[in-house]
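Working notes, beginning with the structure itself.
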Amino acid sequence: MESLSGRTAVVTGAGSGMGRAFAERFAAAGMNVVLADVELPKLDEAVAAITATGAAAIGVPTDVTDGAAVDALRDAAIERFGNVHVLCNNAGVGGSGPSGGAFVNEPEWRWVLEVNLFGVIHGHRAFLPHMTGHGEGGHVVNTASMAGHFPGHSAYSASKWAVVAITEGLYHDQRLRAANVGVSCLCPGWVNTAIMDSARNRPEWAAPKLGVEPNEIEVMVEAYVRDQIRSGMDPANVADLVHDAIVSNTFWVFTDRDMVASLEPRYRAILDGTNPPEREFGI
Ligand SMILES: NC(=O)c1ccc[n+]([C@@H]2O[C@H](COP(=O)([O-])OP(=O)(O)OC[C@H]3O[C@@H](n4cnc5c(N)ncnc54)[C@H](O)[C@@H]3O)[C@@H](O)[C@H]2O)c1
């Protein structure tokens, strides 16, 4: 999509962090913006900030784990602005460290997969027939993560590997169908957002089991990740990369080239048939 002005974008998880930055960047490019989030005060705040600039924006309270709610999001966007051209499946939650996620807490696995993976699946299912059908062209951006490239024994890692896989699959699918819809897979490294406080949106059914304290490794990993995220990239810079990827129809959007380079030993080991190398990054 070479020109975004006058077109319409839908962004999930737009109340905070990267999603809000995408919505602001799209508004600055002259787009109509539909912001969706489950955290309503933040959603209202983000919509007010964008409309105060004179841009056209609405907020639609949406839980992306609920397929009917994502259908309603599409319908609300079409009702207000007509055809949707850009969809950012960005809503996501962190979850806890490796051991807690893997061995202890099944509800948390389900919650993280519901938001991070099913949120994207619902986005594809609800929006793609419309976006490919209206014929005006479009672009889907899925927010995966570098965690979708590094092996990790956690719900977060599993969800992001799956998002990378289905996003690349969607890319091929769209090409096979000669559809006029581009696809990008955003794989951020560390970005300075509220992702480490994802539990603010955790439903009651996924609450941690009473009496299960985080172990030493979980405490260490959490402190390390918090520190990296605090000193991570500004979401506005990620939004510039996403904007440029849509305009140039670029599939991979990475924010940290050193992390990408560190994938090489893993792929080499696969080609050579040797055991996995030591990991460098603690995602
Ligand atoms: N921050 C990082 O370092 C980083 C790195 C790689 C990938 N990511 C991914 O980036 C995306 C955006 O996260 P962020 O870092 O901006 O964090 P954030 O917490 O600031 O924003 C995430 C947004 O998603 C919303 N959300 C959570 N559950 C939802 C649900 N069920 N339905 C609708 N909205 C929901 C939250 O309310 C919040 O507004 C996520 O998919 C995350 O996994 C983040």
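Residue numbers for the sequence shown follow the working numbering, so the first one is 99 and each next one is one higher. C-beta: ideal position from N, C-alpha, C; glycine also. Predicted model only: the values in this text are computed from it and were never measured.
DSSP-derived helix/strand/coil call for Leu361 | coil
Rounded separation between Trp259 and Ala245 - CA only = 7 Å
Taking one C-beta from the segment 272–279 and one from the segment 227–234 each time, how about it: are there three or more such pairs within less than 8 Å?
-> yes
In angstroms with no decimal places, state the Cα-to-Cα distance between Ala144 and Val317.
-> 32 Å
Whole-angstrom distance between Arg208 and Gly198, CA atom to CA atom = Confidence in Gly198 is poor, its pLDDT being 48 and thus under 50, which makes the residue's placement unreliable; the coordinate value appears in the next sentence. Taking the straight line joining both Cα atoms gives about 13 Å.
In three-state terms, what does DSSP make of Met331?
-> strand
Secondary structure of Gly341, DSSP reduced to three states = Before going on, a small fix: residue 341 reads as His here, not Gly. DSSP places His341 in helix when its eight states are reduced to three.
Tell me whether Ile293 counts as near ligand 1, meaning its Cβ is closer than 7 Å to at least one heavy atom of that ligand.
-> yes
Taking 7 Å as the cut-off, does the CB of Asp161 come closer than this to any heavy atom belonging to ligand 1?
-> yes
Within the same chain, show all residues whose beta-carbon is closer than 7 Å to that of Asn188, passing over the 5 residues directly before and after it, in chain order.
-> Around Asn188: Val109, Thr110, Gly111, Met116, Gly117, Phe120, Thr241.
Measure the C-alpha to C-alpha separation of Thr150 and Ala175 and round it to an integer number of angstroms.
-> Here the sequence assigns Ala to residue 150, which means Thr is not the residue at that position. For Ala150 and Ala175, the distance between alpha carbons rounds to 20 Å.
List the endpoints of the continuous alpha helix (DSSP H) containing Trp209.
-> 204–211
In its own chain, which residues sit with a C-beta less than 8 Å from the C-beta of Pro196, not counting the 5 before and 5 after it?
-> Only weak support is given to the placement of Pro196: the predicted model assigns it a pLDDT of 48, under 50, and the value that follows is read from those uncertain coordinates. The residues are Gly250, His251, Ser252, Ile315, Glu316, Val319.
CA-CA distance, Ala125 and Arg324?
-> 30 Å
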